[in-house]
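Enquirer: In full-length UniProt numbering, the protein residues as written are 1 to 241. All residues carry an ideal CB built from backbone N, CA and C; glycine is no exception.
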Amino acid sequence: MEEKRTLWGEFSKGLITTNPLFVLMVGLCSALAISTRVESCIFMGLAVIFVLTCSNVIISLIRNFIPDQIRIPIYIVVIASFVTIVDLTLKTIPAVYERLGVWIPLIVVNCIILARAEGYASDAKVSHAAMDGLGIGVGYTSVLLIMSVFRELFGSGKIVIFNKTLINLGIKNMPVILILFPGAFITYALLSALLAWYQERKTTIEISRELPEGLPEGAYAYETLRQSGRSSAPPVETKEQ
């Protein structure tokens with residue numbers, strides 16, 4: 001039971017706590033570039049999940065046999081092997097492969113993949129490395145899909161997947177800037193701000209529940225700032241009744 005909880009923890013942390021795009025802020029180049037179409041993000045997300053999970057597993061398996069001096073080149077060779085499989089597979093879907101373009105081969109040097117290989121898989125059990133790769137990959141994909149849905153829907157007025165229109169707002173003159181390069185930064189900034197606001201609000205509520213009763217007016221906000229690390233001031237002392 002403990003093992004299951006641990007494995008779930010390894011997976012779930014990649015969704016929010018260590019989300020590669022919103023928290024670690026790595027792999028942003030590809031995310032900002034391809035998030036104009038939901039269809040492209042689905043395939044890119046699946047590719048990253050496959051490469052990340054498989055490379056984590058292999059690196060974890062051979063971690064005790066890799067000389068420290070050449071570990072990075074070996075990691076890149078392992079990652080490149082799985083990227084080649086993805087690249088050859090996606091070539092069977094010309095329309096998708098053309099849109100993704102150079103971003104598929106560049107998965108080899110994606111900061112997310114290398115960071116998990118060096119920072120986690122090289123010192124973790126196979127099962128934990130697999131769940132870590134899967135969780136980080138799903139976290140990356142989920143952000144891609146959220147960004148692409150927002151940009152495609154409100155930038156073009158509809159969402160098209162495999163030449164089928166899933167959603168059509170039927171509105172003309174949509175803000176085209178959302179599907180251009182500036183739109184990527186605008187969308188990412190809005191989503192990042194929303195997540196930061198949610199996490200701060202959640203932390204504030206949790207801390208306020210743990211504070212003792214009897215604090216003077218305004219002390220709750222003061223103590224919340226102090227306990228969340230945003231203030232180095234001494235704690236407020238309660239008045240003795």
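Which residues bound the alpha helix (DSSP H) around Leu166?
Expert: Segment Lys164 to Asn168 is the beta strand (DSSP E) holding Leu166; no alpha helix (DSSP H) there.
Enquirer: Rounding to the nearest angstrom, what Cα-Cα distance links Val86 and Leu195 in this structure?
Expert: 32 Å
Enquirer: Determine the direct distance from the alpha carbon of Ile93 to that of Cys111, and round the result to whole angstroms.
Expert: Rounded to whole angstroms, Cys111 to Ile93 spans 26 Å at the Cα level.
Enquirer: When we look at the beta-carbon of Cys41 and count the other beta-carbons within 10 Å, is it buried (16 or more) or exposed?
Expert: buried
Enquirer: With a threshold of 7 Å on Cβ separation, who are the neighbours of Phe154 within its own chain once the five nearest residues in sequence on each side are excluded?
Expert: Met174, Pro175 and Leu178
Enquirer: Between the Cα of Leu105 and those of Thr84, Ala95 and Tyr120, spot the shortest distance and give me the residue it belongs to.
Expert: Position check: residue 105 holds Pro in this sequence, whereas Leu was assumed. Comparing Cα positions, the closest option is Thr84.
Enquirer: Among the residues of its own chain, which have a CB less than 6 Å from the CB of Leu166, if the five just before and after it don't count?
Expert: Ile159
Enquirer: For Thr53, which residues of its own chain have a beta-carbon under 7 Å away from its beta-carbon, when the five flanking residues on both sides are left out?
Expert: Ala130, Gly133, Leu134 and Gly137
Enquirer: Assign Val160 to one of three DSSP states: helix, strand, or coil.
Expert: strand
Enquirer: Comparing alpha-carbon positions, which option in Ala184, Leu28, Ser60 and Ile161 lies nearest Phe124?
Expert: Checking the sequence, you will find Ala at residue 124 rather than Phe. Checked all of Ala184, Leu28, Ser60 and Ile161; the closest Cα to Ala124 is Ser60.
Enquirer: Consult DSSP for Glu240 and reduce its assignment to one of helix, strand or coil.
Expert: At Glu240, the pLDDT of 47 sits below 50, so the modelled position is not reliable; the number obtained from the coordinates is stated separately. Three-state result, Glu240: coil.
Enquirer: Thinking C-alpha only, which one of Gly14, Ala193, Lys164 and Pro73 is nearest Leu114?
Expert: Pro73
Enquirer: Can you find the residues in the same chain that come closer than 7 Å, C-beta to C-beta, to Ser35, ignoring five residues on each side of it along the sequence?
Expert: Cys41, Leu144, Met147, Ser148, Arg151 and Ala184
Enquirer: By the 10 Å Cβ neighbour count, where 16 or more other Cβ atoms means buried, how is Pro20 classified, buried or exposed?
Expert: Under this definition Pro20 is a buried residue.
Enquirer: Figure out for me which residue from Ser192, Ser30, Arg209 and Val38 has the closest Cα to the Cα of Gly101.
Expert: Ser30
Enquirer: Taking only three categories from DSSP, how would you classify Thr19?
Expert: The sequence given here has Asn at residue 19, not Thr. In this structure, Asn19 counts as coil in the three-state DSSP scheme.
Enquirer: By the DSSP assignment, the alpha helix (DSSP H) with Ile76 in it spans what residues?
Expert: That run of the alpha helix (DSSP H) goes Arg71 to Leu90.
Enquirer: Excluding five sequence neighbours on each side, which residues of the same chain lie with their C-beta closer than 6 Å to the C-beta of Ser142?
Expert: none
Enquirer: How is Tyr120 classed by DSSP in three states: helix, strand or coil?
Expert: coil
Enquirer: So, for Ser127: in the same chain, excluding its five sequence neighbours on each side, which residues have a beta-carbon less than 7 Å away from its beta-carbon?
Expert: Leu7
Enquirer: What is the residue span of the alpha helix (DSSP H) that Val108 lies within?
Expert: Here Val108 belongs to no alpha helix (DSSP H), and DSSP marks it neither H nor E.
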